[in-house]
Each structure stands twice: as structure tokens, then as C-alpha cells.
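Engineer: No gaps in the numbering here: position 19 of the sequence shown is 19 in UniProt numbering, and each next residue is one more. Got a structure here, written out as C-alpha cells. Questions coming.
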Amino acid sequence: FFLGAIKRKVELEWGTEDTEYLQKVHTHVEGALNELKPDIIVYNAGTDVLDGDPLGGLAVSPQGIVKRDEVVFKAARSRRIPILMVTSGGYQKRTARIIADSILNLHNLGLI
Numbered sequence: 001f002f003l004g005a006i007k008r009k010v011e012l013e014w015g016t017e018d019t020e021y022l023q024k025v026h027t028h029v030e031g032a033l034n035e036l037k038p039d040i041i042v043y044n045a046g047t048d049v050l051d052g053d054p055l056g057g058l059a060v061s062p063q064g065i066v067k068r069d070e071v072v073f074k075a076a077r078s079r080r081i082p083i084l085m086v087t088s089g090g091y092q093k094r095t096a097r098i099i100a101d102s103i104l105n106l107h108n109l110g111l112i
């Protein structure tokens, strides 16, 4: 079901940093939600995009990951779409703290 609905290809260069990454997240999350009108969002909030991750190849900061999650949750909230966040990827010890910081941020903003 999901693969039939996913029609967006988002390409990122090796070493992409926060500004470009977050711009693409915002653009493509908004676009996808305008196209699909889903009943629920299953959000795979991977942290392998984090700068220094041995497999991800991107250079997103911890603050960029927190902001990314905020962008996704705000988009879901503005459309009144329930969201299930799962974590994946991320092969550094510090990812647990970053995920916790993101969840606290979402809570403090009233998004969860």
C-alpha cells in the first residue's frame, strides 16, 4: 500500500547540511500531504542523517533533527492527521539524547 502511494524522490548530496535538508523536508512533507490526504502518518524519524553517522552520509546537526521532527508534526497537526513516530537508523551513542530532546520539544510545543 505505502509503496504505491510514495511518489516523491528527494535527492540529497553527500554532506547535505541543515538549511538544505530542512527546506526539502518542509517542501516535500507539505507537498505529499497536500497530494495524499492520509488518514494517518507513520513517520520514520531516522537519525542516520546526523553529522558523523558512518552510514548516512549527511551532515544534519542535532538541532536540525529536532527541527525536522517539529516540521513534520506541525504539518500533521495543522491537517488534524494522527501521527505515529518510529525511530530508526542512527549509529552514534548521542542519538538517544537527540531523540529525547526532540520528543521534549514536541511536548513543549503542544504537538504531542
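For each residue, glycine too, the CB sits at the ideal point set by N, CA and C. Keep in mind it's a predicted model, so treat the numbers as computed, not measured.
1. With which residues is L84 paired in a DSSP beta bridge?
2. Can you tell which of V10, K7, Y21 and L33 has its C-alpha closest to the C-alpha of A75?
3. Whole angstroms is fine: what's the gap from T95's alpha carbon to G52's?
4. L55 by DSSP, collapsed to three states: which one?
5. Measuring only the C-alpha atoms, how far is T27 from R8?
6. Under three-state DSSP, which class holds V10?
7. To which residues of the same chain is N105 closer than 8 Å at the C-beta, ignoring the five residues directly before and after it?
8. For the alpha helix (DSSP H) that K67 lies in, which residues bound it at each end?
9. Under 8 Å by Cβ, that's how I've got G89 and G56 pegged, so tell me the actual separation to the nearest angstrom.
Structural biologist: Let's see:
1. Looking up residue 84 in the sequence shown gives position 84. According to DSSP, which records beta bridges pairwise, L84 is partnered with V42.
2. One-based indexing of the sequence shown puts residue 75 at position 75. Answer by Cα proximity: L33.
3. The residue given as residue 95 occupies position 95 in the sequence shown. The residue given as residue 52 occupies position 52 in the sequence shown. Straight-line Cα distance between these residues: approximately 11 Å.
4. Within the sequence shown, residue 55 is the residue found at index 55, counting from 1. L55: coil per DSSP, three-state reduction.
5. On the sequence shown, position 27 is the one that residue 27 refers to. On the sequence shown, position 8 is the one that residue 8 refers to. Each residue's Cα considered, the two are about 11 Å apart.
6. Along the sequence shown, read from residue 1 onward, the residue named residue 10 stands at position 10. Of the three classes helix, strand and coil, the one that applies to V10 here is coil, per DSSP.
7. Within the sequence shown, residue 105 is the residue found at index 105, counting from 1. Correct list, in chain order: V66, D69 and E70.
8. Sequence index remark: in the sequence shown, residue 67 carries index 67 (1-based). The continuous alpha helix (DSSP H) containing K67 extends over residues P62 to S78.
9. Here the question's residue 89 lines up with position 89 in the sequence shown. Here the question's residue 56 lines up with position 56 in the sequence shown. Indeed, because the Cβ distance is near 7 Å, the residues count as touching under 8 Å.
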